[in-house]
Amino acid sequence: MLDRHIDAAARPAVLEIRNLTTSFGPQERPLVAVDGLSLSLKAGEIHGLVGESGSGKSITLRSILGLIQPRGRVGGEILWKGRNLAALSERELGAIRGKEIAMIFQEPMTSLNPLLPVGLQITENLAAHTGLARAEREREAVALLDRVGIPGARARLADFPHEFSGGMRQRVMIAIALASRPQLLLADEPTTALDVTIQDQILRLLQSLAAEFGMSVILVTHDMGVVAACCDRVSVMYGGRLCESGPTADVIAAPRHPYTRGLLHSIPRGVAPRTPLYSIPGVPPGLGERPPGCAFAPRCPNALDVCRDEKPVPSVSAGGRGLACHNPEPGPTEETR
Amino acid sequence: MTTLDRIAPARPNRLSGFAARALKRPAFLAGFAILGASLLLALFPAAIAPYDPLAFDMTAIQQGPSLAHPFGTDGFGRDVLSRVIWAYRVDMQMAFFATVFAMLIGLTTGALVGFYGGIADAIFGRVVDAVITFPFLVLVIAIVAVLGPGLVNMYVAITAVNWVYYARLTRAEIMAQKAQDYAAAARVLGYSDARIIFRHLLPNAISPVIVYWMTDMALAILLGSSLGYLGLGAQPPAAEWGVLIAEGRNFIMTAWWISLMPGIAIVVTGLGFSLLGDSLADLLRPKGR
Amino acid sequence: MPSAAYLLSRLLQIVPTFLLVMVFIFLFVRLLPGDPAIAMAEAKASDQQLAEIRERMGLNEPLAVQFGYFVKNTVTGDLGRSILMKRPVAEVILERLPVTVYLSLYAVALSVLVAAPLALFAATRANGPADIAIRGLFQVGLSMPVFYIGLVLLTVLGAKLRLFPVGGYGRSFIDNLYHLALPALSIALYTSAILMRNLRASLVEVLDSEFVQFARAKGLPRRIVLTRHVLRNALVSAVTLLGLSIGNLMSGTLVTETVFAVPGVGRLMLEAIFARDYPLIQGLTLTFAVIVSLTFLATDIVQSWLDPRLRQA
């Protein structure tokens, strides 16, 4: 894993998100779901985007492909291969969606069309993005299902989604997303709806596919355990803003943002049985009630007066770590401020 | 109050909050205003109607709408507006009496078969299947054919068919409530069946039935005036919108207002019930936004 | 396609329901005051005619056996003699039935033509001004009785503008498109209001669903997302609704056939009632029940053909 991340660090960035802001509702009193998020992704990198529900992580993913519903406004820059996706028309985005950038969703139950055989749901993708003939498309669909680990793939093309188990459905969805060999996969909580054992299989599958196709992945999750298991880098979001980012191993070893610490605390690790699970006190703020200062200040054990009044400005330090906090935990190489 | 009465999901003490939310809805206000006005017209037609609805005026036969007669006059010089206003009395009654007994019978039957299930429920299921196999109007007029035309027989005929729809709805709601924890708790506490059904389950199951009743009153006016028009409901000389429309039918080429004006009353009143019903449905929906 | 087992089990489900329907219709004549034979006979029937009717209905036997006679007669197509028409009931009904079937299908076609585009238009602009205006308009449509819609159309389009004939029935299929335009439109304006409301709601739901978002994320052409993913899924609930509205549709034909003097079974029912022609009333009630049952059956089959989840027997 460590080798991989050193290897990845040398590659150029494929996706560069700068100051992404996504808002809904009236122009004069907007509800800001994503507030000035920046993120950079290298080829072949698996990037974890972590936060509680309502932190804006799913909206960030949907903003990249222009799939915001109900119609929201996307500001800032989403640079993909030198083009700003945020400024593209629906038609121009259509040429990128599914072909260069694919996406998979959380609920394999509801994300597949219940009325169409899975074979068609794969081949329609190939029809839209490749010049393959019908027979070739079908052969390719079988190969894809085979690759994601569906036994007896050929016989299952005519089956409908409800004839598959939850884990198998998620594999089908991955096969659909992979059909056009995308360079970037956006995965929105792909394992949340699945059993723990199946979760692990799906994560392994994503990892091996990323390596095999040289594909980058943004993996949205609320589970630090998932990040630890398979991500090269991680960005932690709270209240629509970025708290902390950096190589996964570094962030987990030495979290600097109090919120990241809290998230890592929530994972039981080496504690005696029956110790109550730690949870960060309080709840995340709603869309309309973001505080003027740091979004996390009301729940933060380290909060100072400045935290309540001023938004912390993100800074990047050595080792590629980003941080937006007025009063962070001491870093491994830094002295206490 | 026992502990359990507090466990069961809340009942009307949210009434004041409900009124506040209701008053913010234009649809609710419009429906409420229309029905309020309709009720006034039904209660005090004599005070409101400009003319005697039965007075012949041979000097003003089949006159078109004018300032003196906004809805025109009919073949005997009677003021159409006054006749439409007097008809509110019959049609508002129709909305109520054609539905209220069906609702009460349906509510009770539905609650009982929903609670006890078993053989009664199985038989009830078959009855529902059989009744919905007849077009509503066909079944009603077939029953009127046996009983003979007239307002009261029409109520009986509609009730005989309509209770099934209320019972079906109530049964489904009771089944859903029965599956909730508070119902199980009530049973564990050893309450009588009657108390569980009528104190605990029914109050929580009744909202959709009330909403349906509102829209059903609109349907009853549509159905009742259709029967009146066909000659199977209210009988002339009773002033009823469908009957009034039928009276003008033969003069529709020359004096269209005799037939078309009473229809406005049907549409407006029907709209009032639907607006009220729809906004009640929104307001009563649990966890409404 | 739905499996043979599914079709068979669905057919068998009709049997108990229909037996109960037959019981209702059987009891109908028995509930009349007086001798059922006299009710089923002409006013000036001879003793011999009455005896024949008693024989045919099994009136000298116990009630259960009488029901057996009724089922046997019905299944063999013997519905008795119409008092009004002085001909076998089955013959009269079969002669008039095609008119009503034509009118109903015409009305369904019109309501789909009106409701589908408007529902799509409204759903894609959910809660915008156009959506609210369309819904308001149809709410007014829902508050109008069909006979009144008929009279308004008859007055305005028929009598004043002379665009369409004000009644009657044509000679050929094409001729009837013209002759039955107003009655069909009267029914369609009412049913399309129901259809539009339902279709809009299910379109809004489908447009918002994860699988449509996923289809968009796949970068499929807009046209394919709309037809294959959105419309196809909304169609399932529209078909259900159309099927369930068959009762409304039949009630609508009964009224409009009367308003526009169309010689179908709906108008026949009314004529039978005023003439106290009980054999004809009985036969017509049964006919309507058969039409509704067959429509429910057809709806289930189409639904299971559209939705693979319903195919298991």
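Protein sequence lines, in the order shown, are assigned to chains Z, W and U.
When we follow UniProt numbering, the leftmost residue of the first sequence carries the number 1, and every step to the right adds one.
When we follow UniProt numbering, the leftmost residue of the second sequence carries the number 1, and every step to the right adds one.
When we follow UniProt numbering, the leftmost residue of the third sequence carries the number 1, and every step to the right adds one.
C-beta: ideal position from N, C-alpha, C; glycine also.
Because the structure is a prediction, the values reported are computed rather than measured.
Where U/His229 falls, given that 16 or more other Cβ within 10 Å makes a residue buried: For this step, residue 229 of chain U is matched to residue 229 along the third sequence. The residue in question, U/His229, is buried, as its Cβ has 16 or more Cβ neighbours within 10 Å.
Three-state secondary structure assigned by DSSP to Z/Arg18: If you number the first sequence from 1, residue 18 of chain Z lands on position 18. In the three-state DSSP reduction, Z/Arg18 falls in the strand class (E or B).
Under the rule that 16 or more other beta-carbon atoms within 10 Å means buried, what is Z/Glu334, buried or exposed? By 1-based counting over the first sequence, the position of residue 334 of chain Z is 334. Because Z/Glu334 sits at a pLDDT of 49, beneath the cut-off of 50, its placement in the model cannot be relied upon, and the point is left open.
DSSP state of U/Met40, grouped into three classes? Position 40 of the third sequence holds residue 40 of chain U. Secondary structure of U/Met40 (DSSP, three-state): coil.
So that I know if they touch, is there some Cβ in chain W lying closer than 8 Å to that of U/Gln66? Position 66 of the third sequence holds residue 66 of chain U. U/Gln66 does not count as touching chain W.
If you check the beta carbons only, do W/Arg25 and W/Pro53 fall under 8 Å apart? Your numbering for residue 25 of chain W matches position 25 in the second sequence. Your numbering for residue 53 of chain W matches position 53 in the second sequence. In this structure, W/Pro53 does not lie closer than 8 Å to W/Arg25 by Cβ.
At what residues does the alpha helix (DSSP H) containing Z/Pro247 begin and finish? As a first step, residue 247 of chain Z must be located in the first sequence, where it is residue number 247. In the DSSP assignment, Z/Pro247 falls outside any alpha helix (DSSP H) and within the unbroken beta strand (DSSP E) covering 241-247.
Comparing the C-beta of U/Phe28 with each C-beta of chain W, is any distance below 8 Å? Sequence index remark: in the third sequence, residue 28 of chain U carries index 28 (1-based). Taking a beta-carbon distance threshold of 8 Å, U/Phe28 counts as an interface residue toward chain W.
Name the residue from W/Arg168, W/Thr73, W/Ala120, W/Phe101 whose alpha carbon lies nearest to the alpha carbon of W/Ala60. The sequence position of residue 60 of chain W within the second sequence is 60, counting from 1. Looking at the Cα atoms, W/Thr73 is the closest of the given residues.
Just reading off the beta strand (DSSP E) that Z/Thr221 is part of, what are its end residues? On the first sequence, position 221 is the one that residue 221 of chain Z refers to. Element bounds for Z/Thr221: 216-221.
Contact between the stretch 112-120 of chain W and the stretch 169-184 of chain W: three or more CB pairs below 8 Å? A contact exists between the stretch 112-120 of chain W and the stretch 169-184 of chain W.
Closer than 8 Å, Cβ to Cβ, to anything on chain W: give me those residues from the stretch 89-104 of chain U, in chain order. Those residues of the stretch 89-104 of chain U that come within reach of chain W (Cβ to Cβ, closer than 8 Å) do not exist; the list is empty.
Pick from Z/Ala43, Z/Leu61, Z/Leu144, Z/Arg71 that is closest to Z/Pro26, judged by C-alpha positions: Taking the first residue of the first sequence as 1, we reach residue 26 of chain Z at position 26. Cα-wise, what sits closest to Z/Pro26 is Z/Arg71.
Range of the contiguous alpha helix (DSSP H) that encloses Z/Glu329: Translated into the one-based positions of the first sequence, residue 329 of chain Z becomes position 329. In this chain, Z/Glu329 is not harboured by any alpha helix (DSSP H), its DSSP state being neither H nor E.
With C-beta atoms as the reference, is U/Leu220 less than 8 Å away from Z/Glu100? Within the third sequence, residue 220 of chain U is the residue found at index 220, counting from 1. Within the first sequence, residue 100 of chain Z is the residue found at index 100, counting from 1. Not in contact: U/Leu220 and Z/Glu100 (Cβ atoms no closer than 8 Å).
Is Z/Gly98 closer than 8 Å to residue 364 of chain Z when the C-beta atoms are compared? A query on residue 364 of chain Z cannot be resolved here, the shown segment of chain Z reaching from 1 to 337 and no further.
What in chain U is Cβ-close to Z/His162, meaning under 9 Å? For the purposes of this step, residue 162 of chain Z is taken as the residue at position 162 of the first sequence. Residues of chain U passing the Cβ test: Pro308, Arg309.
W/Leu104: which of W/Ile245, W/Leu223, W/Ile206 sits nearest, CA to CA? Here residue 104 of chain W refers to the residue found at position 104 of the second sequence. Here the closest residue by C-alpha is W/Ile206.
Our contact map puts Z/His222 next to Z/Ser53 with C-beta atoms below 8 Å; I'd like the distance itself, whole angstroms only. What you label residue 222 of chain Z is simply residue 222 of the first sequence in a count that begins at 1. What you label residue 53 of chain Z is simply residue 53 of the first sequence in a count that begins at 1. In this structure Z/His222 is in contact with Z/Ser53, their Cβ atoms being roughly 6 Å apart against a cut-off of 8 Å.
Please list the terminal residues of the continuous alpha helix (DSSP H) segment that includes Z/His265. Position 265 of the first sequence, counted from the first residue, corresponds to residue 265 of chain Z. Residue range 258-265 is occupied by the alpha helix (DSSP H) that includes Z/His265.
Taking only beta-carbon positions, decide if U/Gln303 is within less than 8 Å of chain W. Start at 1 with the first residue of the third sequence, and residue 303 of chain U comes out as number 303. Not one chain W Cβ lies under 8 Å of U/Gln303.
Given that residue 352 of chain Z touches chain U, what residues does it touch there, using C-beta distances under 9 Å? Absent from the structure is residue 352 of chain Z, since the part of chain Z shown begins at 1 and ends at 337.
Any idea if W/Phe198 is buried or exposed, counting beta-carbon neighbours within 10 angstroms, 16 or more meaning buried? To locate residue 198 of chain W, count along the second sequence from 1; it is residue 198. So W/Phe198 counts as exposed.
Distance between W/Ile252 and U/Val156 (C-alpha atoms, nearest Å): The count along the third sequence starts at 1 and reaches residue 156 of chain U at position 156. The count along the second sequence starts at 1 and reaches residue 252 of chain W at position 252. A straight-line Cα-Cα distance of about 10 Å links U/Val156 and W/Ile252.
Tell me whether U/Asn198 is buried or exposed, calling it buried when 16 or more other Cβ atoms sit within 10 Å of its Cβ. The sequence position of residue 198 of chain U within the third sequence is 198, counting from 1. Looking at its Cβ environment, which holds 16 or more other Cβ atoms inside 10 Å, U/Asn198 is buried.
How about U/Val89 and U/Leu79: do their beta carbons lie closer than 8 Å? For the purposes of this step, residue 89 of chain U is taken as the residue at position 89 of the third sequence. For the purposes of this step, residue 79 of chain U is taken as the residue at position 79 of the third sequence. The criterion of a C-beta distance shorter than 8 Å is satisfied by U/Val89 and U/Leu79.
Do you know offhand how far U/Gln48's Cα is from U/Leu94's? Translated into positions along the third sequence, residue 48 of chain U becomes position 48. Translated into positions along the third sequence, residue 94 of chain U becomes position 94. U/Gln48 and U/Leu94 have their C-alpha atoms roughly 28 Å apart.
Rounded to the nearest angstrom, what separates Z/Thr110 and U/Ser202 at their Cα positions? Counted from its first residue, the first sequence places residue 110 of chain Z at position 110. Counted from its first residue, the third sequence places residue 202 of chain U at position 202. Roughly 15 Å separates the two Cα atoms.
Closest Cα partner of W/Leu147 within the set U/Met269, U/Pro33, U/Ala5: Working through the second sequence from its first residue, we reach residue 147 of chain W at position 147. Restricting attention to U/Met269, U/Pro33, U/Ala5, the CA atom closest to the CA of W/Leu147 is found in U/Pro33.
In angstroms, rounded to a whole number, what distance separates the CA positions of U/Ser192 and W/Phe273? As a working note, residue 192 of chain U is residue 192 in the third sequence. As a working note, residue 273 of chain W is residue 273 in the second sequence. Computed Cα separation, rounded: 20 Å.
Inside the stretch 80-151 of chain W only - alpha helix (DSSP H) runs reaching at least 4 residues: Whole alpha helix (DSSP H) segments, 4+ residues: 80-116, 118-131, 136-147.
Option in W/Tyr155, W/Asp278, W/Gln63 with minimal Cα separation from W/Trp257: Here residue 257 of chain W refers to the residue found at position 257 when the second sequence is read from its first residue. Relative to W/Trp257, the option among W/Tyr155, W/Asp278, W/Gln63 whose CA is nearest is W/Gln63.
Cβ-Cβ separation, Z/Leu49 to Z/Ser235 (assumed contact under 8 Å), whole Å: Within the first sequence, numbered from 1, the residue matching residue 235 of chain Z stands at position 235. Within the first sequence, numbered from 1, the residue matching residue 49 of chain Z stands at position 49. Beta-carbon to beta-carbon, Z/Ser235 and Z/Leu49 are separated by about 5 Å, close enough to satisfy the 8 Å threshold.
Z/Tyr238 - containing beta strand (DSSP E), residue span: In the first sequence, counting from the first residue as 1, residue 238 of chain Z sits at position 238. Taken as a continuous stretch (DSSP letters only), the beta strand (DSSP E) holding Z/Tyr238 covers 233-238.
If you measure from the beta carbon of U/Asp300 to each beta carbon in chain W, is any gap under 8 Å? Within the third sequence, numbered from 1, the residue matching residue 300 of chain U stands at position 300. Put simply, the CB of U/Asp300 is far from chain W, with every gap to its CB atoms at 8 Å or more.
Which residues share a DSSP beta bridge with U/Thr155? As a working mapping, residue 155 of chain U is identified with position 155 in the third sequence. By DSSP's assignment, U/Thr155 forms no beta bridge with any residue.
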